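Protein chains in written order, with full-length UniProt numbering: chain A, 1 to 337; chain B, 1 to 337. These notes concern the structure reproduced below.
Number of protein chains: 2
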Amino acid sequence: MRHRLKDVAERAGVSVKTVSNVVNGYAHVRPDTRARVEEAIAALNYRPNLSARNLRKGRTGIIALAVPELDIPYFAELARHVVSAAAELGWTVLIDQTGGGREQERVVASGITDHLIDGLIFSPLALTADDLVNLDGTPMVLLGERVDRGPADHVVIDNVAAAREITNHLVGLGRRRIAAIGSQRTPEGASARLRLDGYRSALAEAGLGYDEALVAPAPVWHRADGAAAMRHLLSSGVRPDAVFCFNDTLALGALRALHETGLRVPEDVAVAGFDGIEDGRFSVPTLTTIAPDKERIARLAVELLANRIEGDRSAPPRELAAPYRLEPRESTQGRHP
Amino acid sequence: MRHRLKDVAERAGVSVKTVSNVVNGYAHVRPDTRARVEEAIAALNYRPNLSARNLRKGRTGIIALAVPELDIPYFAELARHVVSAAAELGWTVLIDQTGGGREQERVVASGITDHLIDGLIFSPLALTADDLVNLDGTPMVLLGERVDRGPADHVVIDNVAAAREITNHLVGLGRRRIAAIGSQRTPEGASARLRLDGYRSALAEAGLGYDEALVAPAPVWHRADGAAAMRHLLSSGVRPDAVFCFNDTLALGALRALHETGLRVPEDVAVAGFDGIEDGRFSVPTLTTIAPDKERIARLAVELLANRIEGDRSAPPRELAAPYRLEPRESTQGRHP
DNA sequence: AACGTTGACTACAACGTTGTAGAAACCAGG
DNA sequence: CCTGGTTTCTACAACGTTGTAGTCAACGTT
């Protein structure tokens, strides 16, 4: 049923190694021999056994991408780009869903490295630098978080600056009671904390006070949590005239809650998100957001990983920044800006 | 750095095979020997080399899931469930993105089977039964399409009945000029065709004529295509009072286009989708849809694949149906039904 | 004609694991 | 004390591939 080098070799009348050489494009093979081997390969529909090749070479050609949840659009879009970028280098991507819990993430960070993958691109939610120390030296690239003095390469965007910029955008529209949705009691360095920092710093620059009552936590960043947080803000009587949601799904939930309350967006409350997901281009109203360059993030991550795998594993960790863009849309600027 | 059975064996003072036996839970090992081996395993942080194990056993513990695009919410949600269901059986899922093109899908269907995976769950867009004949016997489960007399197991939902049901829902609301968005010139059997069939059959039952002008094609089923198709329908002067979109992303695009035109949903035009994606619960207005039981689909697919891998590979292909539910929401029923 | 160099190919071992066969130690029943 | 069966463990080969070392012929140079 399934053929091996040996079968091809017998059919072509050469040694196994010669077939292997043909398969791997080794230069010194006579044209007629090569042709005979290729004919045999085609006739038997030979394809190499990757397990055996991996065992021999110590490489698998597979990298893993670990994200919290696949059906959060941001991660789905990111995954798409990572798969594409990896394919260009001839790699296959194994996608892992951590669920975002600390224990599960720890398992992925240490256990996934069971020799089956050459490297890991990891987008952690709960882990901190301390959790990432003991890694058997499997190359790893971290995404999205600034894990200070982390033990691995990482690709970041400047969350603080981006959050400041989008908050400034709201300030620039004349909004004065700007709420935030999505704060979390997470360790220093996580996205929630950084985006909160940017928000606070923009408020301070604008001479607006920081009001704890305007900051709504969200344990996870799903649409339902955004809607719940928005309802909570509205019912608590603080009456914001703008909301900065720490990601787009929260913002879509907030839009929905505002719609149900009968408030107009942006006239009564302006809404801004973060992530630049596709949904935001088609929501009613369309969503103002910070759009990180996901393609760039994916490509940088794959390249960093490639360098690690093929190059010096003991080189000091590198940190690369990916660009982002503020994309003003209807949810802050109205229909005809 | 990385330890092998041999290292553990030396440390515990036993043979490699005994360590292997401990690792694999073989029964006849003396308790004290087992303890010594386990101590050594822990001390060296030993983890088996899967490539070697795979080579020896002919199994990898990895199954592949091939979907057209990861950032189409339906597939992202499906992927999530497949990963979860597979994890319960101790399997890892390798996710592949085909792009939906026929050639790429053919490559996946034949090429992914490079000995690295034990089986494949495949959600094809363009392939037909004919493309799936020559598969080297790698177990495969097809999703979503009714590939008639196909060579593999598949999990389907009754697209025709579901489409008829949601069209009936629109008819029941008193709509008479019901448009459809998403038709494709695809081979017999693909989703687009089946959903169109259901739509036509419901119209016929209701005594409403079939009007070609009310059916808008969409080459792919993204939001932008739904918006474009809706605009096209509106500008062509046919004035529908309802639209059945062949999936939810098309419907979200259509909602957006209607909003831009100033038409009210559902008062002027009722909108229905298909897929039951999470977005539809939070859109403005919320989206009436056919929601297939994705968790069930995923579990059935994984179980079928498990049977195929562990059981009789030459058994005749099986077809299992997963249930779906009509979920009426604001886009057809209005705010307070 | 003898020499080294290159090209074309092959035999063999090794990657880390597990199945098979079997040896050694132990046990129970006569 | 022997017999037959079980338990506990081990040596060896094999899975399919590729790196290393090497053979042999053809070639160009002295």
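Idealized CB from N, CA, C, for every residue including glycine. All of these numbers come straight from a predicted model, not from anything done at the bench.
| query | result |
| --- | --- |
| Using a Cβ-Cβ distance under 9 angstroms, would ARG256(B) count as near chain A? | yes |
| Of all the options GLY262(A), ARG223(A) and SER183(A), which has the alpha carbon lying nearest to the alpha carbon of ALA251(A)? | ARG223(A) |
| In chain order, what residues of the stretch 83–101 of chain B put their CB closer than 8 angstroms to some CB of chain A? | VAL83, SER84, THR92, VAL93, LEU94, ILE95, ASP96 and GLN97 |
| Verify the CB distance criterion: does ARG264(A) have a CB-CB separation below 9 angstroms to chain B? | no |
| With 16 other CB atoms within 10 Å as the buried threshold, where does THR288(B) fall? | buried |
| Determine the direct distance from the alpha carbon of PHE122(A) to that of ARG296(A), and round the result to whole angstroms. | 16 angstroms |
| Okay, do the stretch 254–261 of chain B and the stretch 311–328 of chain B touch, 3+ Cβ pairs below 8 angstroms being the bar? | no |
| Closer than 9 angstroms by beta-carbon distance: list the chain A residues that pair up with GLY253(B), in chain order. | PHE282 |
| Please say whether ARG195(B) and TYR210(B) have beta carbons closer to each other than 9 angstroms? | no |
| Using only alpha-carbon positions, find the residue among ASP118(B), LEU116(B), ASN247(B) and VAL82(B) that is nearest to ALA192(B). | ASN247(B) |
| Terminal residues of the continuous beta strand (DSSP E) containing THR286(B)? | Where THR286(B) is concerned, there is no enclosing beta strand (DSSP E), given that its DSSP letter is neither H nor E. |
| Could you give the DSSP three-state label for ASP293(B): helix, strand or coil? | coil |
| Looking at ALA66(B) and THR98(B), is the spacing between their C-beta atoms short of 9 angstroms? | yes |
| In chain B, what lies closer than 8 angstroms to ASN54(A) by C-beta? | SER51 |
| If you compare alpha carbons, which of LEU326(B), ALA270(B), ILE309(B) and GLU212(B) is closest to ASP118(B)? | ILE309(B) |
| With respect to the alpha helix (DSSP H) encompassing SER331(B), which residues constitute its N-terminal and C-terminal limits? | 330–333 |
| Suppose you measure from the CA of PRO151(A) to the CA of THR138(A); what does that come to, to the nearest Å? | 11 angstroms |
| Given a cut-off of 9 angstroms on the beta-carbon distance, is the pair ASP293(B) and ARG329(B) in contact? | no |
| Helix, strand or coil: how does DSSP classify VAL14(A) here? | coil |
| Taking three-plus beta-carbon pairs below 8 angstroms as touching, is the stretch 167–186 of chain A in contact with the stretch 227–247 of chain A? | yes |
| In chain A, which residues lie less than 7 angstroms from THR332(B) when you measure between Cβ atoms? | Ordered by position in chain A, no residue passes the 7 angstroms Cβ test against THR332(B), which lies about 16 angstroms from the chain. |
| If I measure Cβ to Cβ from ALA298(B) and keep anything under 6 angstroms in the same chain, skipping five residues before and after, which residues do I get? | HIS81, VAL82 and ALA85 |
| Compute the Euclidean distance between the alpha carbons of GLY61(A) and ALA42(B), then round it to the nearest angstrom. | 28 angstroms |
| Is it buried or exposed, GLU88(A), if we count other Cβ atoms within 10 angstroms and call 16 or more buried? | exposed |
| What are the uninterrupted segments assigned as beta strand (DSSP E) that are 3 or more residues long and contained completely in the stretch 26–80 of chain B, given in chain order? | 62–67 |
| Nearest to GLU38(A) by alpha carbon, out of GLY13(A), LEU55(A), ASN307(A) and ASP153(A)? | GLY13(A) |
| Do we get a CB-CB distance below 9 angstroms when we pair GLY224(A) with the residues of chain B? | Note that residue 224(A) corresponds to Ala in the displayed sequence, not to Gly. Interface residue, yes. |
| Locate the alpha helix (DSSP H) running through GLU205(A), then write down its first and last residues. | 191–205 |
| For the beta strand (DSSP E) containing GLY182(A), list its first residue and its last residue. | 178–183 |
| Can you check the stretch 231–276 of chain B for any beta strand (DSSP E) of at least 3 residues that lies completely inside it and give the ranges in chain order? | 242–245 and 270–272 |
| Would you please verify whether the beta carbon of ILE121(A) is less than 9 angstroms from any beta carbon of chain B? | no |
| Am I right that PHE244(A) and ILE157(A) are in contact with their C-beta atoms under 8 angstroms? What's the rounded C-beta distance? | Contact doesn't hold; Cβ gap of about 16 angstroms is too wide. |
| What's the gap between the Cα of VAL29(B) and the Cα of ASN49(B)? | 22 angstroms |
| Please determine, among GLY144(B), PHE282(B) and GLY90(B), the residue with the shortest C-alpha to C-alpha distance to LEU78(B). | GLY144(B) |
| Could you work out which residue in VAL155(B), VAL160(B), VAL269(B) and TYR74(B) is closest to LEU305(B) when comparing CA atoms only? | VAL155(B) |
| I want to verify the contact list: residues of chain A whose CB lies under 8 angstroms from the CB of PRO73(B), in sequence order. | ASP71, PRO73 and ALA76 |
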